[in-house]
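K.L.:
Sharing a structure, written as structure tokens. Questions coming.
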Amino acid sequence: TNTTSTTDNAFDIMYGTRHKFNGLMDYFSVPSSTKGAGLVDYYAKLGYSPIEKMYFEAEWHYFNLQNKYVANDVILNEHLGNEIDLSAKIKFNKSVELYLSYSTIFGTETLETLKGGDKGLFNSYAVVMLTVKPNLFKSEKQ
Numbered sequence: 052t053n054t055t056s057t058t059d060n061a062f063d064i065m066y067g068t069r070h071k072f073n074g075l076m077d078y079f080s081v082p083s084s085t086k087g088a089g090l091v092d093y094y095a096k097l098g099y100s101p102i103e104k105m106y107f108e109a110e111w112h113y114f115n116l117q118n119k120y121v122a123n124d125v126i127l128n129e130h131l132g133n134e135i136d137l138s139a140k141i142k143f144n145k146s147v148e149l150y151l152s153y154s155t156i157f158g159t160e161t162l163e164t165l166k167g168g169d170k171g172l173f174n175s176y177a178v179v180m181l182t183v184k185p186n187l188f189k190s191e192k193q
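According to the working numbering, the sequence shown is numbered sequentially starting from 52.
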């Protein structure tokens, strides 16, 4: 791959659904995240529902560059890092749902070179979201 080319041949996920793919931390949500070198995401996902209104999920992502990338005349190692995503969804009734999520990424020197920052620092992300869908108006056909 020619990383000096201005031609973009990247696959782009349309309509903002980027959070669904490539981990919840959105480190690699746009093609420029890897400076045009592409992304390979090996992942495993495990879900469990102990009762009907409760669901737990764990995901592990192993991120690699798709193509070789040269920085300072050195070909970078292809491994970008590992991400772990844990989430829970609890449905209290048909109108109220609680979503909890915690994610962390363990970056490599390659990730640090491409995106900046410090791979030695602990990086995590948490979400608490309460969804309330009230039925304000109800009409019945007569």
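Every residue, glycine too, gets a C-beta built ideally from N, C-alpha and C.
Note that the structure is a prediction, hence the values are computed from the model and not measured.
Compute the Euclidean distance between the alpha carbons of V125 and Y106, then round it to the nearest angstrom.
P.N.:
Rounded to the nearest angstrom, the two C-alpha atoms are 45 Å apart.
K.L.:
Where does T159 fall in DSSP's three states?
P.N.:
Of the three classes helix, strand and coil, the one that applies to T159 here is coil, per DSSP.
K.L.:
Return the chain-ordered ranges of every alpha helix (DSSP H) run that is complete within the region 127-171 and spans a minimum of 4 residues.
P.N.:
The qualifying runs are 160-166.
K.L.:
Could you name the residues that DSSP lists as bridge partners for D92?
P.N.:
BP columns for D92 point to F114.
K.L.:
According to DSSP, is P101 helix, strand or coil?
P.N.:
It is a strand residue.
K.L.:
Hey, out of L181, S146, L137, L165, whose CA is closest to L187's CA?
P.N.:
Among L181, S146, L137, L165, the Cα nearest to that of L187 is on S146.
K.L.:
Quickly, what does DSSP pair F173 with across the bridge? List them, please.
P.N.:
F173 pairs with nothing; no bridge assigned.
K.L.:
Rounded to a whole number of angstroms, what is the C-alpha to C-alpha distance between A122 and S83?
P.N.:
Straight-line Cα distance between these residues: approximately 15 Å.
K.L.:
Which residue's Cα is closest to the Cα of T164: K96, L137, G132?
P.N.:
Comparing Cα-Cα distances from T164 to each of K96, L137, G132, the minimum goes to G132.
K.L.:
To which residues does DSSP link Y106 through a beta bridge?
P.N.:
K140.
K.L.:
At the level of alpha carbons, what is the spacing between V91 and M180?
P.N.:
Going from the Cα of V91 to the Cα of M180 covers about 30 Å.
K.L.:
Short of 8 Å in beta carbon distance, which residues of its chain neighbour S100, apart from the five on each side in sequence? Order them along the chain.
P.N.:
Taken in chain order, the residues that qualify are Y106, F107.
K.L.:
Between the Cα of L137 and those of V178, E191, D169, spot the shortest distance and give me the residue it belongs to.
P.N.:
Cα-wise, what sits closest to L137 is V178.
K.L.:
Excluding sequence positions up to five away, which residues of its chain have a Cβ less than 6 Å from the Cβ of K96?
P.N.:
Within the same chain, K96 has close Cβ partners E110.
K.L.:
For V183, collect the residues of the same chain with a Cβ closer than 7 Å to its Cβ; drop the 5 residues on either side in sequence, then sort them by chain order.
P.N.:
Answer for V183: S146, V147, listed in chain order.
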